[in-house]
Amino acid sequence: MVQLSGFAALIEALRPIRRHLIVAHHVRGRIRVRLAPSGYIHLTPQLLQTLQAGARSDEIASVRVNSAALSVVVEYAPDRLAPDLWDLLINAPDDELDDLIAGNAARHREGERHVG
2 MVQLSGFAAL
12 IEALRPIRRH
22 LIVAHHVRGR
32 IRVRLAPSGY
42 IHLTPQLLQT
52 LQAGARSDEI
62 ASVRVNSAAL
72 SVVVEYAPDR
82 LAPDLWDLLI
92 NAPDDELDDL
102 IAGNAARHRE
112 GERHVG
């Protein structure tokens, strides 16, 4: 099994709740998403820990979880991640999401700088 990092790891961590995410604010290099009340049941301490610890890489600078506000702020390198990938993360069908993860993991292994 391939070890995921960066954006691919973040996508995988958000998979259980992605259909319940709402983009609250997005500027190039920083996105804040909120969890809709319908997704609260899926929010576990393990998921919060995974989000906070798992995604740091060249393309992901930081991930901050505010569990009281049910939001996550991700600071990312827009020269490495196309800003429209965040919409795909939330709205893509599962098979497209799997392709996105696999493609990102392959590009990361090959050292490519831009995803999208």
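In this note's numbering, the protein residues as written are 2 to 117.
Note that CB positions come from ideal geometry on N, CA and C, so glycine has one too.
* What separation, rounded to the nearest whole angstrom, lies between the Cα atoms of E60 and E13? -> The residue labelled residue 60 in the question sits at position 59 within the sequence shown. The residue labelled residue 13 in the question sits at position 12 within the sequence shown. Cα to Cα, the separation comes out at about 15 Å.
* Going by Cα to Cα distance, which pick from A62, P38 and E76 is closest to A69? -> Counted from its first residue, the sequence shown places residue 69 at position 68. For the residues A62, P38 and E76, the minimum Cα distance to A69 belongs to P38.
* Which one or two residues does DSSP pair with L36 in a beta bridge? -> Sequence index remark: in the sequence shown, residue 36 carries index 35 (1-based). Residue pairing of L36 in beta bridges, as defined by DSSP: L22.
* Between the region 18 to 30 and the region 77 to 94, are three or more C-beta pairs nearer than 8 Å? -> Touching, yes, given that three or more Cβ pairs across the two stretches are closer than 8 Å.
* Hey, could you find the ends of the beta strand (DSSP E) A10 is sitting in? => Indexing the sequence shown from 1 puts residue 10 at position 9. It is not in any beta strand (DSSP E) - A10 instead sits in the alpha helix (DSSP H) that spans G7 to L15.
* Q47 versus N92: straight-line alpha-carbon distance, rounded -> By one-based count along the sequence shown, residue 47 stands at place 46. By one-based count along the sequence shown, residue 92 stands at place 91. Between the alpha carbons of Q47 and N92 lies a gap of roughly 23 Å.
* Measuring CB to CB, does L44 end up less than 8 Å from L36? -> Here residue 44 refers to the residue found at position 43 when the sequence shown is read from its first residue. Here residue 36 refers to the residue found at position 35 when the sequence shown is read from its first residue. Taking 8 Å as the Cβ cut-off, L44 and L36 qualify as a contacting pair.
* Measuring alpha carbon to alpha carbon, tell me which of V64, G40, Y41 and H21 ends up nearest G7. => Within the sequence shown, numbered from 1, the residue matching residue 7 stands at position 6. The shortest C-alpha separation from G7 is found at V64.
* To the nearest angstrom, report how far apart P17 and A62 are at their CA atoms. => Residue mapping note: residue 17 aligns to position 16 of the sequence shown, counting from 1. Residue mapping note: residue 62 aligns to position 61 of the sequence shown, counting from 1. Their backbone Cα atoms lie some 22 Å apart in a straight line.
* Asked: Hey, would you say V66 sits closer than 8 Å to L52, going by beta carbons?
  -> Numbered from its first residue, the sequence shown carries residue 66 at position 65. Numbered from its first residue, the sequence shown carries residue 52 at position 51. Yes, these two residues count as a Cβ contact at 8 Å.
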